[in-house]
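Protein chains: 2
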Amino acid sequence: MVRVRMSDVAARAGVSTATVSMVLNGVNSTRISPQTQQRVREAAEAVGYKPNSVARSLRTQQTRMVGLISDTIASTPFAGRMLAGANDVAREQGHLVVLVDTERDVEAERQALQALSGQQVDAIIYACMWHRVVEVPEGLPGDAVLLDCAPASGGRAAVVPDERAGGMAAVRELLAAGHRRIAFLDAEKRFDLVASRLRYEGYLEVLADAGIEPDPALHVRAEPVAGGGREAALRLLELPEQRRPTAMFCFNDRMAMGAYAAAHHCGLSIPGDLSVVGYDDQQLIAADLDPPLTTVALPHYEMGRWAMEVALGLLKGDPAVPHLMPCPIIRRASVGPPPAQFGD
Amino acid sequence: MVRVRMSDVAARAGVSTATVSMVLNGVNSTRISPQTQQRVREAAEAVGYKPNSVARSLRTQQTRMVGLISDTIASTPFAGRMLAGANDVAREQGHLVVLVDTERDVEAERQALQALSGQQVDAIIYACMWHRVVEVPEGLPGDAVLLDCAPASGGRAAVVPDERAGGMAAVRELLAAGHRRIAFLDAEKRFDLVASRLRYEGYLEVLADAGIEPDPALHVRAEPVAGGGREAALRLLELPEQRRPTAMFCFNDRMAMGAYAAAHHCGLSIPGDLSVVGYDDQQLIAADLDPPLTTVALPHYEMGRWAMEVALGLLKGDPAVPHLMPCPIIRRASVGPPPAQFGD
DNA sequence: AACCTCAAGTTAATCGATTAAACACATCGG
DNA sequence: CCGATGTGTTTAATCGATTAACTTGAGGTT
Numbered sequence: 027m028v029r030v031r032m033s034d035v036a037a038r039a040g041v042s043t044a045t046v047s048m049v050l051n052g053v054n055s056t057r058i059s060p061q062t063q064q065r066v067r068e069a070a071e072a073v074g075y076k077p078n079s080v081a082r083s084l085r086t087q088q089t090r091m092v093g094l095i096s097d098t099i100a101s102t103p104f105a106g107r108m109l110a111g112a113n114d115v116a117r118e119q120g121h122l123v124v125l126v127d128t129e130r131d132v133e134a135e136r137q138a139l140q141a142l143s144g145q146q147v148d149a150i151i152y153a154c155m156w157h158r159v160v161e162v163p164e165g166l167p168g169d170a171v172l173l174d175c176a177p178a179s180g181g182r183a184a185v186v187p188d189e190r191a192g193g194m195a196a197v198r199e200l201l202a203a204g205h206r207r208i209a210f211l212d213a214e215k216r217f218d219l220v221a222s223r224l225r226y227e228g229y230l231e232v233l234a235d236a237g238i239e240p241d242p243a244l245h246v247r248a249e250p251v252a253g254g255g256r257e258a259a260l261r262l263l264e265l266p267e268q269r270r271p272t273a274m275f276c277f278n279d280r281m282a283m284g285a286y287a288a289a290h291h292c293g294l295s296i297p298g299d300l301s302v303v304g305y306d307d308q309q310l311i312a313a314d315l316d317p318p319l320t321t322v323a324l325p326h327y328e329m330g331r332w333a334m335e336v337a338l339g340l341l342k343g344d345p346a347v348p349h350l351m352p353c354p355i356i357r358r359a360s361v362g363p364p365p366a367q368f369g370d
Numbered sequence: 027m028v029r030v031r032m033s034d035v036a037a038r039a040g041v042s043t044a045t046v047s048m049v050l051n052g053v054n055s056t057r058i059s060p061q062t063q064q065r066v067r068e069a070a071e072a073v074g075y076k077p078n079s080v081a082r083s084l085r086t087q088q089t090r091m092v093g094l095i096s097d098t099i100a101s102t103p104f105a106g107r108m109l110a111g112a113n114d115v116a117r118e119q120g121h122l123v124v125l126v127d128t129e130r131d132v133e134a135e136r137q138a139l140q141a142l143s144g145q146q147v148d149a150i151i152y153a154c155m156w157h158r159v160v161e162v163p164e165g166l167p168g169d170a171v172l173l174d175c176a177p178a179s180g181g182r183a184a185v186v187p188d189e190r191a192g193g194m195a196a197v198r199e200l201l202a203a204g205h206r207r208i209a210f211l212d213a214e215k216r217f218d219l220v221a222s223r224l225r226y227e228g229y230l231e232v233l234a235d236a237g238i239e240p241d242p243a244l245h246v247r248a249e250p251v252a253g254g255g256r257e258a259a260l261r262l263l264e265l266p267e268q269r270r271p272t273a274m275f276c277f278n279d280r281m282a283m284g285a286y287a288a289a290h291h292c293g294l295s296i297p298g299d300l301s302v303v304g305y306d307d308q309q310l311i312a313a314d315l316d317p318p319l320t321t322v323a324l325p326h327y328e329m330g331r332w333a334m335e336v337a338l339g340l341l342k343g344d345p346a347v348p349h350l351m352p353c354p355i356i357r358r359a360s361v362g363p364p365p366a367q368f369g370d
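Chains A and B, in that order, give the protein sequences. By our numbering, the letter at position 189 of the first sequence is numbered 215, and the numbering carries on one by one without gaps. By our numbering, the letter at position 151 of the second sequence is numbered 177, and the numbering carries on one by one without gaps.
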């Protein structure tokens, strides 16, 4: 497959490459006669001309490529949704995404930045695969956009989920169903998760608004996986009946999965005897549990879009404070009214 | 941030750009005196020179970028692992991955190919997010590598999981535990899944080898999600005792999840009363079930690596027949001996 | 002295576009 | 008839590297 150059088109149309360039890019096209334009377009079509973007980039100093650096592509199933959001916007704008996975290795990050800046990408997005506060790598350009993480030292455009509001929505959902004794199955402190703190704040605030005194016994922590959720739920279900929760808000869907297991183990049915709300709306889990899990969705796709929109200058990000993306509640079938003896 | 060019380095070192280029790339470097080399390197360091890969690419006709076209980034959690494999190899080789998601839209595929060829990528990988036979898009270069799909019309390097061997491994695992009545919870025919046919073939072959007459009643089909698995398992568990299976091989982990639910519902314990084997080794599901699921892993990471290795010419792919990547069995806790009354 | 070889560079063409500036030609007013 | 104005197109510089071909001077041979 021989590449056809602009000069081939020019030769065939009997004009100079300058003319071809102007016609095909629609620049200064008023200054070129319609007949010539027509000839050029036909010639381009006839020889199958495809512009060489490398050459164009060299000249224009724009590559129409955006670098996306992420700490780990593989480790979470969320990656795809964020990539998809970013990718969709890029495509709409005629840009391509160059992906670099640094696996959280500082040296790899340095190399990646170097490669991307050598590659002259038009913008850079720095993405984390779960919500954290990060020390941005040295050499990250000031206009890079942070995705699913907040900069430790501020001053950069960033987008993160509104975990606090998400926590509030979850608890409100349970409150609305009539629950008063609502547990929070939290992640252990040692994981130091931003999300954990914020969701808990949301939990407390809604209880306070409802005039409910939070019971410290109902705030339990475990490893944020199914096993941890099971164990934490079991601890709660062993409480004396009047102190036992009628609903559980779980830090994530995996813990909710464990809570389901615990409920089965104790012969309790969901939502008849126990209501459960998760967080993450994890693909292939939340909707597949039995009964399907009511949960709070992490807006990965939307955050990916936002980051790309800001990176491409379509939207202005506020460097002072991270943009909070709402976490919608997804209603399925794991929430019901509390068992009769607890009703009002 | 002003970009520093090679001529800046040359000026500072008091040599020509040709010399700088040779020194920094180690080409013809025997022809340049050590003192000069030293001077050049120091100058480059001093001014913070970073090569401009766009210019280099234009000259060398190599971009050190590989295009990865995929039908859907977002829809499966497998994407990440394949991307990670491809990405790791690319990085090892000093290449970057340019990602394009076409969402299975023919027009988008055409555009993507055009963009990538305009971008002069050195190689192209066409990836599917689940094992299929595809009509490759017109214009896909002959040396593009197919990942997790086989070309309808052959003649291209491709890699797919060895589903047949995977199915065999799963059934052998159950056989080895002493089971004789092994069901296959298959996907419905209308989904027309390559994997379904091959796994079933593997199932039949192992039974034949073991001298077991396959019971058609034990081959049931349903939608390959949790709900379908539950329903299919329930149908099997309603069989009269002597015809009931003691083990279930499920088309995927989601169906296995449903089989768990069915077992719970019938008051059966896993693996005490029923053994279950899944397929996919789906993150956040298989290991998180209670008990953890024994399953067959889809080698996404390895396939991603293989595809990139072939694409970069590190490995030679056989265009005649797709490369089969082994699917290792992952032993966890859902397989045990059959209940006593069925023992031998 | 004439010629050759080798070492250590340099010169200049090239990759394929974009674009400011120049050019050729026509038209028109005075 | 001159200059101004306008129109349509070309010329040539440029982006920043790579690299084949050439230069220059020193040293060696006969």
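Each residue gets a CB set at the ideal place from its N, CA and C atoms; glycine is no exception.
Whole angstroms is fine: what's the gap from residue i's alpha carbon to residue j's?
{"i": "Q146 of chain B", "j": "V251 of chain A", "result": "44 Å"}
{"i": "M108 of chain B", "j": "G106 of chain A", "result": "11 Å"}
{"i": "P271 of chain A", "j": "Q137 of chain A", "result": "51 Å"}
{"i": "T321 of chain B", "j": "R269 of chain B", "result": "24 Å"}
{"i": "R67 of chain A", "j": "V49 of chain A", "result": "8 Å"}
{"i": "Y226 of chain A", "j": "P266 of chain A", "result": "24 Å"}
{"i": "S33 of chain B", "j": "R85 of chain A", "result": "17 Å"}
{"i": "V302 of chain A", "j": "L260 of chain B", "result": "25 Å"}
{"i": "R29 of chain B", "j": "V186 of chain B", "result": "45 Å"}
{"i": "S179 of chain B", "j": "P163 of chain B", "result": "11 Å"}
{"i": "A191 of chain A", "j": "H349 of chain A", "result": "13 Å"}
{"i": "H371 of chain B", "j": "M274 of chain B", "result": "With chain B covering only 27 through 370, there is no way to say anything about residue 371 of chain B."}
{"i": "A112 of chain A", "j": "P317 of chain B", "result": "37 Å"}
{"i": "P242 of chain B", "j": "Y286 of chain B", "result": "22 Å"}
{"i": "A366 of chain A", "j": "D212 of chain A", "result": "27 Å"}
{"i": "S42 of chain A", "j": "K215 of chain B", "result": "60 Å"}
{"i": "A236 of chain B", "j": "A170 of chain B", "result": "42 Å"}
{"i": "Q64 of chain A", "j": "V46 of chain A", "result": "11 Å"}
{"i": "A288 of chain A", "j": "E199 of chain A", "result": "22 Å"}
{"i": "Y305 of chain A", "j": "F104 of chain B", "result": "21 Å"}
{"i": "P364 of chain A", "j": "S222 of chain B", "result": "43 Å"}
{"i": "G165 of chain A", "j": "A116 of chain B", "result": "22 Å"}
{"i": "A134 of chain A", "j": "V124 of chain A", "result": "15 Å"}
If you run the structure through DSSP and keep just helix, strand and coil, what is residue i?
{"i": "D370 of chain A", "result": "Low confidence applies here, because D370 of chain A scores a pLDDT of 47, under 50, leaving its location unreliable and the question unanswered by this model."}
{"i": "H349 of chain A", "result": "strand"}
{"i": "Y305 of chain B", "result": "strand"}
{"i": "G106 of chain A", "result": "helix"}
{"i": "V123 of chain A", "result": "strand"}
{"i": "T320 of chain B", "result": "strand"}
{"i": "S96 of chain A", "result": "strand"}
On the premise that residue j lies in contact with residue i, defined as a C-beta separation below 8 Å, what is that separation, rounded to the nearest angstrom?
{"i": "V246 of chain A", "j": "P297 of chain A", "result": "Incorrect: roughly 20 Å between the Cβ atoms, too far for contact."}
{"i": "L233 of chain A", "j": "V197 of chain A", "result": "7 Å"}
{"i": "D279 of chain B", "j": "A248 of chain B", "result": "Contact doesn't hold; Cβ gap of about 14 Å is too wide."}
{"i": "N329 of chain A", "j": "M351 of chain A", "result": "The sequence shown places Met at residue 329 of chain A, rather than the Asn named in the question. About 5 Å separates the two Cβ atoms, so the contact holds."}
{"i": "A337 of chain A", "j": "A110 of chain A", "result": "With a Cβ gap of about 15 Å, A337 of chain A and A110 of chain A do not count as contacting."}
{"i": "W332 of chain B", "j": "L341 of chain B", "result": "7 Å"}
{"i": "R90 of chain B", "j": "G120 of chain B", "result": "6 Å"}
Ignoring anything shorter than 4 residues, give me the alpha helix (DSSP H) runs that lie fully in the segment 135-217 of chain A, in order along the chain. 189-202
Starting from the N-terminal side, write out each stretch of the beta strand (DSSP E) that is 3 residues or longer and does not extend beyond the segment 209-287 of chain B. 245-248, 273-276
Whole runs of the alpha helix (DSSP H) within the segment 27-68 of chain B, excluding any shorter than 4 residues: 32-39, 43-51
Three-pair Cβ contact test at 8 Å for the segment 94-102 of chain B versus the segment 84-97 of chain A: no
For the segment 143-157 of chain B and the segment 170-187 of chain B, state whether three or more C-beta atom pairs, one from each stretch, are separated by less than 8 Å. yes
How about the segment 283-299 of chain A and the segment 69-76 of chain A: do they share at least three Cβ pairs that are nearer than 8 Å? no
So does the segment 285-293 of chain B actually touch the segment 323-333 of chain B, counting three or more Cβ pairs closer than 8 Å? no
Identify every run of the alpha helix (DSSP H) within the segment 69-94 of chain A, keeping only runs that are complete inside it and at least 4 residues long; order them along the chain. 79-86
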